[in-house]
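To keep things clear, I will list the structure first and then write my remarks on it.
Numbering (the numbering used here), first residue to last: 122 to 517.
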């Protein structure tokens with residue numbers, strides 16, 4: 122006789138900033154929660170029809186008004202009350218919030234609405250912890266400190282971010298846990314032959330939103346340097362403009378990018394796999410990351426990688442084994458790493474194979490999802506046991 126999962130019949134809300142991130146990064150988690158017998162509600166801002174895609178896959182999706190501005194008092198207040206109303210109506214047993222605004226406002230709303238289990242995943246620190254002015258950093262830290270008091274578990278995707286939050290007293294150490302990013306579907310992101318081994322010129326790929334802190338300018342600058350010596354080498358950039366981010370490239374910078382013959386700007390795509398397949402090396406010169414999915418997906422498909430020696434990136438790349446690390450904001454060092462792969466093409470396949478092996482061993486999304494579901498079950502069971510103990514005490 123099999124025992125029913127503690128999640129069976131449970132209502133769980135998975136919250137992120139928009140439907141696109143839910144569809145691209147949280148759908149596998151939601152599917153496994155549903156497979157365990159729970160009812161899943163996906164919550165975020167509707168973007169580009171991704172809410173309808175979630176509904177067509179059988180998920181219940183609700184739009185909430187996530188402001189496009191970084192700090193928007195009235196907009197964020199509306200978002201908070203929208204979460205309160207939604208949670209009171211849906212009555213979830215678990216709310217799991219991803220990204221900054223949901224981590225703060227959905228967690229606070231869940232506490233007010235009486236949601237028994239509240240989980241947060243810090244996917245990265247973003248502009249508010251990197252290049253933002255001091256006053257904004259202090260506001261965001263105060264909001265985190267307030268909200269995370271009401272979270273039962275807070276997941277971090279790298280040790281540095283966890284230690285920072287604990288040392289700044291933004292979260293209690295007993296509730297801070299590590300998880301290997303969001304994981305990668307290693308079956309879907311399967312290795313394919315390198316184009317350079319089939320007679321094509323070497324090709325480099327960057328997958329990123331067009332924001333300054335991802336290192337887009339450094340990538341473009343390095344590409345121009347390399348193409349001046351190796352004009353046959355190809356450079357592609359996959360990613361859309363993100364005007365909601367204070368670090369977004371300006372309209373004129375995007376126009377210059379489009380007109381530059383050295384970079385093939387693809388724009389935003391629904392599936393990055395064909396572009397990884399057409400490339401030999403995946404590049405991410407970001408200033409700081411949680412745990413960069415673009416590098417994991419590239420490595421999973423057998424691509425060598427180049428990234429910056431910074432938080433998050435160094436958790437993915439093993440220098441000299443799966444790729445190269447270069448200093449932050451150093452386009453010359455980035456160009457030198459690219460040239461090294463051009464001059465030593467055998468390293469691409471060797472490092473790509475090593476990267477694939479490492480992703481399968483450490484970053485398979487099935488392990489990440491299993492860890493998350495176990496946390497839900499543990500917290501729900503603890504809640505039930507506490508309620509039983511309280512009932513016994515009252516009876517006495």
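Every residue gets a Cβ at the ideal spot worked out from N, C-alpha and C, and that includes glycine.
The beta-carbon distance between residue 459 and residue 425, rounded to whole angstroms, is 11 Å. This is too long to meet the 8 Å contact definition. DSSP places residue 169 in no beta strand (DSSP E); its state is neither H nor E.
Rounded to whole angstroms, the Cβ separation of residue 434 and residue 417 is 11 Å, and the two are not in contact under 8 Å.
Contact between residue 276 and residue 220 does not hold, since their C-beta atoms are separated by about 12 Å, which reaches or exceeds 8 Å. Shortest Cα-Cα distance from residue 154 to any of 175, 128, 211 involves 128.
The C-beta distance from residue 179 to residue 136 rounds to 18 Å, too long to fall under 8 Å, and the pair is not in contact. At least 8 Å separates the beta-carbon of residue 309 from that of residue 299. With respect to the 8 Å criterion, residue 377 and residue 355 are not classified as neighbours on the basis of their beta carbons. For residue 482, the number of other beta carbons within 10 angstroms of its own is below 16, and it is reported as exposed. In this chain, the beta strand (DSSP E) harbouring residue 217 covers 215-219. Counted as a single uninterrupted DSSP element, the alpha helix (DSSP H) harbouring residue 472 occupies residues 467-483. In the DSSP assignment, residue 139 falls outside any alpha helix (DSSP H) and lies within the beta strand (DSSP E) extending over 132-139. Taking 8 Å as the upper bound for CB-CB distance, residue 302 and residue 489 are in contact here, some 7 Å apart.
In the structure shown, residue 271 adopts helical secondary structure according to DSSP, grouped into three states. In this chain, the beta strand (DSSP E) harbouring residue 385 covers 385-388. The Cβ neighbour count for residue 279, taken over all protein chains shown within 10 Å, is at least 16; the residue is labelled buried. With contact defined as three or more Cβ pairs closer than 8 Å, the region 396-409 and the region 319-327 are in contact. As computed with DSSP, residue 184 is found in a beta bridge with 165.
Counting other Cβ atoms within 10 Å of its Cβ, residue 493 reaches 16 or more and is therefore classed as buried. Counting only unbroken stretches of 3 or more residues, the beta strand (DSSP E) elements lying wholly within the region 225-255 are 238-243, in sequence order. Counting of Cβ neighbours within 10 angstroms places residue 360 among the buried residues, the total reaching 16 or more. Excluding residues up to 5 positions away in sequence, 140, 182, 184 lie with their Cβ nearer than 7 Å to the Cβ of residue 172 in the same chain.
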